[in-house]
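Q:
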Amino acid sequence: MAFTSRHVGGTLREEEGHHSPAAGGEMAKKQSGAVLTLVAVDRLSRVPLFRQLEGQLRNAILAGSLPGGTRLPSSRMLAAELEISRPTVVLVLERLAGEGFLEARHGAGTFVARVIP
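In terms of this note's numbering, the sequence shown opens at residue 1 and continues consecutively.
1. Do valine 112 and valine 67 count as a contact pair if the criterion is CB distance below 8 Å?
2. If you draw a straight line from the alpha carbon of glycine 24 to that of arginine 71, how long is it in whole angstroms?
3. What is the DSSP secondary structure of arginine 71, counted as helix, strand or coil?
4. Suppose contacts are defined by Cβ-Cβ distances below 8 Å. Is proline 117 in contact with glycine 100 by that definition?
5. Determine, using beta carbons only, whether valine 92 and alanine 79 come nearer to each other than 8 Å.
6. Give the range of the beta strand (DSSP E) segment to which valine 112 is assigned.
7. So, using beta-carbon positions, are arginine 58 and leucine 82 closer together than 8 Å?
8. Is it right to say proline 48 is buried, meaning 16 or more other beta carbons lie within 10 angstroms of its own, or is it exposed?
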């Protein structure tokens with residue numbers, strides 16, 4: 001568990017359970033990397049890119065490769081890494097959220113739902 005220090009009423013206090021920005025950034029990078037290793041698009045396939053991405057993410061969630069609570073990379077990062085358009089990635093994330101597989105949290109990111117439909 002990580003400890004952080006903060007000033008409270010002029011006193012320096014250490015608290016459990018908070019991650020420093022550097023530690024949080026490293027954790028997000030590791031999770032993002034894990035997601036990206038599970039997804040690959042085949043540009044020669046007749047299956048549209050959004051269907052490929054949607055199916056692979058759904059299958060990874062159902063198989064437990066992406067457990068509940070896992071933070072996904074941002075839509076910009078996914079689009080850049082997979083070399084597909086951001087609107088395509090956003091479409092997939094919105095569809096999976098609509099089906100209950102993902103949860104979008106304003107200001108925090110997109111996460112795998114803890115309870116899968």
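We put the beta carbon where it would ideally sit given N, CA and C, even for glycine.
A: With the structure as the only source:
1. Taking the first residue of the sequence shown as position 1, residue 67 is located at position 67. Taking the first residue of the sequence shown as position 1, residue 112 is located at position 112. This sequence places proline at residue 67; valine is not what is there. Yes, the pair counts as a contact, with Cβ atoms nearer than the cut-off.
2. Locating residue 24 in the sequence shown gives position 24, counting from the first residue. Locating residue 71 in the sequence shown gives position 71, counting from the first residue. Its pLDDT being 48, under 50, glycine 24 is placed unreliably by the model, and the measurement read from it follows with that caveat. Near 11 Å, if we compare the C-alpha coordinates of arginine 71 and glycine 24.
3. Here residue 71 corresponds to residue number 71 of the sequence shown, with the count starting at 1. Note: arginine 71 maps to strand in three-state DSSP.
4. Numbered from 1 along the sequence shown, position 117 holds the residue referred to as residue 117. Numbered from 1 along the sequence shown, position 100 holds the residue referred to as residue 100. It is a contact, given that the beta carbons lie within the stated cut-off.
5. The residue labelled residue 92 in the question sits at position 92 within the sequence shown. The residue labelled residue 79 in the question sits at position 79 within the sequence shown. No, the pair does not count as a contact, with Cβ atoms beyond the cut-off.
6. Indexing the sequence shown from 1 puts residue 112 at position 112. Valine 112: member of the beta strand (DSSP E) spanning 109-112, first to last residue.
7. For this step, residue 58 is matched to residue 58 along the sequence shown. For this step, residue 82 is matched to residue 82 along the sequence shown. Not in contact: arginine 58 and leucine 82 (Cβ atoms no closer than 8 Å).
8. Translated into positions along the sequence shown, residue 48 becomes position 48. That one is exposed.
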